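Each remark here refers to the structure printed beneath this line.
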Amino acid sequence: MTARIAVEGLGLSFGGVAALSGVTMAVPPAEIRGIIGPNGAGKTTLLNAICGIVPPTEGRVLLDGQPITGLKPSAIAARGLRRTFQTSALFGGLTVLENVVTGLHTGLRAGLLDGILGSRRLRAEEAEGIEKAHRVLEFVGMAGFADRRASALSFGQQRLVEIARALVSEPSVVLLDEPAVGLSLNRLSDIDRLLRRIRDERGVTLLLIEHVIRLVMEVSDSITVLAAGTVIAEGRPEQVRQDPAVVTAYLGTAVHA
Ligand SMILES: Nc1ncnc2c1ncn2[C@@H]1O[C@H](COP(=O)(O)OP(=O)(O)OP(=O)(O)O)[C@@H](O)[C@H]1O
Ligand SMILES: [Mg+2]
């Protein structure tokens, strides 16, 4: 089976310092892949390289067997790969609904096609977009917040809206950078359930960076462990947790938390 996302020999340097080197991994469709590793391991850099924000210096990324390396982030998004960020990236002055609608624009459509499409068709597309945004807010359990300003939401609610914005265009892959950061412990099971529903009900492949080890161990189908820019272990959660190299990288503590 073709991997949904394949990363081959990925390398990325910042001013001569390697943040990633020789990173190779293959993620099948509709899998939750956890990506863990100590601070500075290269996890966010890996997501940035996959989604095109920072082009890799070496290697390539394939989406359903097609190379996407070197494409602009908007072009990669248009092929069905979306992400959320480590720190909240919502537009605080816009409503929740408006924020989600922005997830429908890949930068290709708006502007370029505005003049070509008739205004009636544009309005129909807009109405359809709003309908989609409502549906995805319902899916993440935020239907009641559509008209609130994003800046008025709690941190945890903002994370859910970011996930909704990533999902609204019906992507096949979503990259999540620490979706549980700042969430209280009793909300962890909500996010766990939501991630499984994204996989099972929408068939989305998830790459999940997460420091909350309990969550990542429970929800991931498999886990890739990065340390100092390289893959030091990969496998089922229970295998990875006992891997001596992983235990050493975490100094024998965090993995068991
Ligand atoms: N824009 C940049 N310029 C220079 N160095 C960078 C840049 N972004 C990341 N780095 C460096 O690359 C390495 C990997 O950073 P990265 O943010 O990918 O780690 P991470 O695994 O996501 O860490 P954390 O768990 O703290 O989020 C670090 O040494 C970091 O200092
Ligand atoms: Mg990071």
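Note that our numbering has the sequence shown beginning at 1, numbered continuously upward.
Note that CB positions come from ideal geometry on N, CA and C, so glycine has one too.
Quick caveat, the model's predicted, so the values are computed rather than measured.
Residue 8 bridges to which residues according to DSSP? Within the DSSP secondary-structure output, residue 8 pairs in a beta bridge with 60.
Which residues bound the beta strand (DSSP E) around residue 35? First-last of the beta strand (DSSP E) with residue 35: 32-36.
Looking at ligand 2, does it come within less than 7 angstroms of residue 53, judged from the CB to the closest heavy atom? No.
Could you tell me how far apart the beta carbons of residue 45 and residue 19 are, in whole angstroms, since I believe they sit closer than 8 angstroms? Between residue 45 and residue 19, the beta carbon gap of about 4 angstroms places them in contact (Cβ cut-off 8 angstroms).
Between the alpha carbons of residue 161 and residue 184, how many angstroms are there, rounded? Roughly 17 angstroms between the two C-alpha positions.
Helix, strand or coil for residue 86 per DSSP? Residue state, collapsed to three classes: coil.
Output the boundary residues of the beta strand (DSSP E) element that contains residue 223. Going by DSSP, residue 223 is part of the beta strand (DSSP E) stretching over 222-227.
Any heavy atom of ligand 1 within less than 5 angstroms of residue CB: hits in chain order: Residues lining ligand 1 by the Cβ criterion, that is a Cβ closer than 5 angstroms to any of its heavy atoms, are 14, 19, 39, 40, 41, 42, 43, 44, 45 in chain order.
Would you mind sorting residue 16 into buried or exposed? The rule is 16 or more other CB atoms within 10 Å of its CB. Looking at its Cβ environment, which holds fewer than 16 other Cβ atoms inside 10 Å, residue 16 is exposed.
Would you identify the three-state DSSP class for residue 14, choosing helix, strand or coil? Looking at residue 14 - three-state DSSP - the assignment turns out to be strand.
Taking DSSP's pairing of strands, which residues face residue 27 in a bridge? For residue 27, which the question treats as bridged, DSSP gives the partners 5.
Taking 7 angstroms as the cut-off, is the beta-carbon of residue 209 closer than that to any non-hydrogen atom of ligand 2? For ligand 2, at least one heavy atom lies less than 7 angstroms from the Cβ of residue 209.
Are the CB atoms of residue 5 and residue 50 nearer to each other than 8 angstroms? Taking 8 angstroms as the Cβ cut-off, residue 5 and residue 50 qualify as a contacting pair.
Give me the Cβ distance between residue 149 and residue 95, rounded to the nearest whole Å; I'm assuming they're in contact under 8 angstroms. Distance from residue 149 to residue 95 at the Cβ level is roughly 6 angstroms; contact confirmed, criterion being Cβ atoms closer than 8 angstroms.
Take residue 129 and list the residues in its own chain whose beta-carbon comes closer than 6 angstroms to its own, dropping the five residues that flank it on each side. Only 101, 104 meet the Cβ criterion.
From the DSSP secondary-structure annotation, give me the bridge partner or partners of residue 161. Bridge partners of residue 161: none, in fact.
Residue 220 and residue 237 - do their beta-carbons sit closer together than 8 angstroms? Contact: yes.
State buried or exposed for residue 107, treating a residue as buried only when at least 16 other CB atoms are found within 10 Å of its CB. Per-residue confidence for residue 107 stands at a pLDDT of 47, beneath the threshold of 50, marking its modelled position as unreliable; the derived number appears in the next sentence. By the neighbour-count rule (16 or more Cβ atoms within 10 Å), residue 107 is not buried but exposed.
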